[in-house]
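Reading through the structure tokens given below for one structure.
Numbering (the working numbering), first residue to last: 99 to 251.
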């Protein structure tokens with residue numbers, strides 16, 4: 099009985115697989131005979147303007163590094179083994195260096211300027227996306243909006 103049921107299922111699956119199609123419409127060209135490069139793109143457009151937006155945030159140049167170094171030193175000392183003072187000192191120094199590097203990177207990211215990228219979409223809408231870096235995007239560049247970022251298409 100089970101073998102018969104499996105055989106019927108396999109025949110049905112084979113028959114249905116023959117009906118499957120890889121193209122979205124009839125024939126090999128899809129719904130239109132236009133080439134694929136000219137098909138409509140719902141999230142594509144042309145950059146019309148790029149405005150630099152000042153963050154307005156300032157901090158002394160070494161603040162992030164100093165605070166990160168302190169936090170890293172404390173964390174390194176706490177994570178080290180208490181039995182050996184040499185390991186504790188090494189862990190404290192390594193934590194301070196790692197914390198300083200991380201703190202400096204965080205400070206630079208927070209105080210950097212951003213960009214408002216104005217995009218005229220293919221459907222006529224105009225949207226403005228704010229992002230930290232341009233990644234090669236310039237005015238009059240054909241772009242795509244992916245996950246809230248403008249990227250070159």
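Don't be surprised by glycine CBs; every beta carbon is placed ideally from N, CA and C.
As the crow flies, the alpha-carbon of residue 167 is around 18 Å from that of residue 185. Between the alpha carbons of residue 224 and residue 201 lies a gap of roughly 37 Å. Rounded to whole angstroms, the Cβ separation of residue 227 and residue 244 is 10 Å, and the two are not in contact under 8 Å. Close CB contacts of residue 177 within its chain, under the 7 Å cut and outside five residues either way in sequence, are with 189 (chain order).
In summary, residue 197 is buried, with 16 or more beta-carbon neighbours lying within 10 Å of its beta-carbon over all protein chains present. Looking at the backbone, the Cα of residue 151 and that of residue 229 are separated by about 10 Å.
Inclusion of residue 218 and residue 148 in the CB contact set at 8 Å is not warranted, their separation being larger than that value.
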